[in-house]
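Visitor: Could you have a look at this structure, given as structure tokens, before my questions?
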Amino acid sequence: MLTRQGLILSMRSHLSVPLWFFAFVPYKLGEGLLITLLPLFIVQVAGGSVADVGNIHSIISLAGVVAFIFWGNLSDMMKRRRPFLTIGFLGFAVFTCLIALEQNVSHILLWSFLVGFLMAAVTPVASALVLDSVPEDERAESFSRFYEISGWSFVAGVVLGAAWLALMPQYWGVTGSMRALLLFAGGFASLSLILCLYWVKEPKNARSRRHFQPQLRGRLAVGVIEERARIYSSRMIYFILHPGILRQTSQLLESPLILYYLCSISFFFAIQIVFVPFPIFLTDVLKATNTQVLLITVSKAIVETFFYIPAGRFIKHRNGVTLQAVATGLRVLIFLIFATVAFMQPTPASLIIVGLTHLLTGITWAAINLSSMTTIANLTPKGQEGTALGVYNAMIGISTVVGSFMSGWLAKTFGYSVCFVTGAVLVGGIAVGLWSLRTALPTKPQPA
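Each residue of the sequence shown is one higher than the one before, starting from 2 at the first, in the numbering used here.
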């Protein structure tokens, strides 16, 4: 039985959050603004097309795939954390401001690559800080809280953007308002640089390798917010560059895990095909205002963030691949509704239908995203889980690059309805593959 003092200490242990977690809030808020505004900015301010949106999404994803591994491994080898956070925060602030001032799509492409490459230093180093500075028995909860703070910071950024674009265009016009908002995103993110210098301390015992920890099942994510994961997907803490990687990878590709990898690659390709042109579909076809686009985005982001921790707890000790198959199957219906609306003549109800349907993707994302780690850990030979997750990270990153590029071309050449139908067909096949994987592949028992 707990004494009053013991109860207080227990509550503190559950409620306390390291102060340095909040150093990331300005950066995450600015990141939310950049990611959600960039497609609209490319088309409405720089005069680009939906194909340009796909190309720039693709180049940011490519930069992230390469740089995530580069910065993470370099930080581990040097056993330093704060310098890499400084690089990430400063790079994001500077190049976001340059994007805000740009007129030329080709220049935006260049600045986007650089912002993607430099901001990739932040997440693997932040993950390493948790591993370095938090006691082992508290890491699972700490990762959950860190992701939750990141998610709500993203939401705050999009809410701010929606309010700004509802009020300011009448004074500064659409172009001036969007440029000012991106300048704010870069400027405000620079506060994270200052907070980092004060609040982030170099760990006394920095790790040079990241070993898989079973207690992190159901806690690590590719991204709490799907919008962020689609443009910048390499988000787990494990990498693929370390001694013995070629031997371990070849063993993994000979194992039953290859079927799950194929499903995951196809899934991330499919969601790029559907969602990269989605904001432009809302404005061009359904005549949504920029504020309405951001409100649709933030509503889904709120659902994703709200369900993140409960979903992680639910999935942790259950059959993740079954939940993932069901959630993926639900997306077939969602994408077919999008396609039906795109085929029909737009009406005032069209935007409402699409907006409400879009909320369902937020619920499915929590199940799909968090199930992936549990499933990979179950299907991987003991001792190779970290490598398996690193390979998964690299594969979905490459899939994101290709899917982003194809989505813009497909939307421009054949129209949005073809994108949505293609997505529905792909996720339907993926759902069947995942469902068969449920019984066809052996799984390891979950820890109690």
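Each residue gets a CB set at the ideal place from its N, CA and C atoms; glycine is no exception.
The model shown is predicted, which means the values in this text are computed figures rather than measured ones.
1. Under a Cβ-count criterion, where at least 16 other Cβ atoms within 10 Å of its own Cβ denotes burial, should leucine 79 be classed as buried or exposed?
2. Within the stretch 316-395, note down every full beta strand (DSSP E) run reaching 3 residues or more, in order along the chain.
3. Using CA coordinates, which residue listed in Phe22, Ala52, Leu438, Gly92 is at the minimum distance from phenylalanine 279?
4. From leucine 390 to isoleucine 377, what distance separates their C-alpha atoms?
5. By the DSSP assignment, the alpha helix (DSSP H) with glycine 177 in it spans what residues?
6. Using a Cβ-Cβ cutoff of less than 8 Å, which residues in the same chain neighbour leucine 360 once the five nearest sequence positions on both sides are dropped?
7. If you count every other CB in all the chains shown that lies within 10 Å of the CB of lysine 288, and 16 or more means buried, which is it?
8. Assuming isoleucine 43 contacts isoleucine 109 under a Cβ cut-off of 8 Å, what Cβ separation, rounded to an integer in Å, is found between them?
9. Thinking glycine 152 and isoleucine 61 are a contact (beta carbons under 8 Å), I'd like their distance in whole angstroms, please.
10. Please work out which residues of its chain come closer than 7 Å, Cβ to Cβ, to leucine 295, disregarding the five sequence neighbours upstream and downstream, and give them in chain order.
11. Could you check the C-alpha separation between valine 402 and serine 59 for me, to the nearest Å?
12. So the alpha helix (DSSP H) threonine 37 belongs to, where does it begin and stop?
13. Please state the DSSP three-state secondary structure of arginine 83.
14. What is the DSSP secondary structure of threonine 290, counted as helix, strand or coil?
15. Nearest to glycine 462 by CA position, among Ser17, Arg81, Glu103, Cys197, is which residue?
16. Note down, one range per segment and in chain order, each alpha helix (DSSP H) of at least 4 residues found wholly within the stretch 75-130.
17. Between the C-alpha atoms of glycine 416 and serine 107, what's the straight-line distance to the nearest angstrom?
18. CB isoleucine 57 to CB leucine 39, shorter than 8 Å?
19. Nearest CA to the CA of glycine 63: which residue from Lys413, Trp410, Ala395, Val419?
20. How would you write the range of the alpha helix (DSSP H) that proline 280 sits in, first residue to last?
21. For tryptophan 72, collect the residues of the same chain with a Cβ closer than 8 Å to its Cβ; drop the 5 residues on either side in sequence, then sort them by chain order.
22. For phenylalanine 23, collect the residues of the same chain with a Cβ closer than 8 Å to its Cβ; drop the 5 residues on either side in sequence, then sort them by chain order.
23. Could you spell out where the alpha helix (DSSP H) holding phenylalanine 22 opens and where it closes?
24. Does the stretch 306-313 come close enough to the stretch 362-377 that 3 or more CB-CB pairs lie under 8 Å?
25. Could you tell me the distance, in whole angstroms, from the CA atom of alanine 190 to the CA atom of serine 128?
26. Using the three-state DSSP reduction, which class does proline 467 fall into: helix, strand or coil?
27. Starting from serine 265, trace the alpha helix (DSSP H) in both directions and tell me its first and last residue.
28. Can the beta-carbon of glutamine 45 be found closer than 8 Å to that of methionine 179?
29. By a C-beta neighbour count over all protein chains shown, 10 Å radius and 16 as the cutoff for buried, is serine 17 buried or exposed?
30. Consult DSSP for glutamate 305 and reduce its assignment to one of helix, strand or coil.
31. Which residues in the same chain as isoleucine 354 place their Cβ atom closer than 8 Å to its Cβ, once the five residues preceding and following it in sequence are excluded?
32. Taking the alpha carbon of glycine 321 as the reference point, which residue from Leu20, Val95, Ser372 has its own alpha carbon closest?
33. Pull up the distance between the alpha-carbon of isoleucine 399 and that of serine 405, whole angstroms please.
34. Return the Cβ separation of alanine 312 and isoleucine 431 in integer angstroms, given the expectation that the two are a contact with Cβ distance under 8 Å.
35. Between leucine 91 and leucine 194, is the Cβ-Cβ spacing less than 8 Å?
36. Between valine 433 and valine 333, how many whole angstroms is the CB-CB distance? I'm expecting something under 8 Å.
Guide: Reading it off the structure:
1. The sequence as given places methionine at residue 79; leucine does not occur at that position. It is exposed - the Cβ of methionine 79 has fewer than 16 other Cβ atoms within 10 Å.
2. Here no run is fully enclosed.
3. Relative to the Cα of phenylalanine 279, the nearest Cα in the group Phe22, Ala52, Leu438, Gly92 belongs to Ala52.
4. 7 Å
5. 170-200
6. Ser300, Lys301, Val304
7. So lysine 288 ends up on the exposed side.
8. 6 Å
9. In fact, because the Cβ distance is near 20 Å, the residues do not count as touching under 8 Å.
10. Excluding positions up to five away in sequence, the list reads Thr37, Val159, Gly162, Ala163, Leu166.
11. 4 Å
12. 26-45
13. helix
14. coil
15. Residue 462 cannot be examined here, being either before or after the span of the chain that is shown, 2 to 449.
16. 83-102, 106-120
17. Taking the straight line from one Cα to the other gives about 23 Å.
18. yes
19. The sequence as given places leucine at residue 63; glycine does not occur at that position. Out of Lys413, Trp410, Ala395, Val419, Ala395 has the C-alpha closest to the C-alpha of leucine 63.
20. 279-285
21. Only Phe85, Ile88, Gly89, Ala121, Ala122, Pro125, Val126 meet the Cβ criterion.
22. Only Ile150, Leu196, Trp200 meet the Cβ criterion.
23. That residue, phenylalanine 22, is in no alpha helix (DSSP H); it is neither H nor E in DSSP.
24. Contact holds between the stretch 362-377 and the stretch 306-313, because three or more Cβ pairs, one in each stretch, are under 8 Å apart.
25. Distance between the alpha carbons of alanine 190 and serine 128 is about 19 Å.
26. This structure does not reach residue 467, given that the chain is present from 2 up to 449, and the question cannot be answered.
27. 258-276
28. Going by C-beta atoms, glutamine 45 is nearer than 8 Å to methionine 179.
29. exposed
30. Secondary structure of glutamate 305 (DSSP, three-state): helix.
31. Ile338, Val342
32. Ser372
33. 10 Å
34. That pair is no contact at about 19 Å.
35. yes
36. Your pair valine 433 and valine 333 does not check out as a contact, with CB atoms roughly 10 Å apart and the cut at 8 Å.
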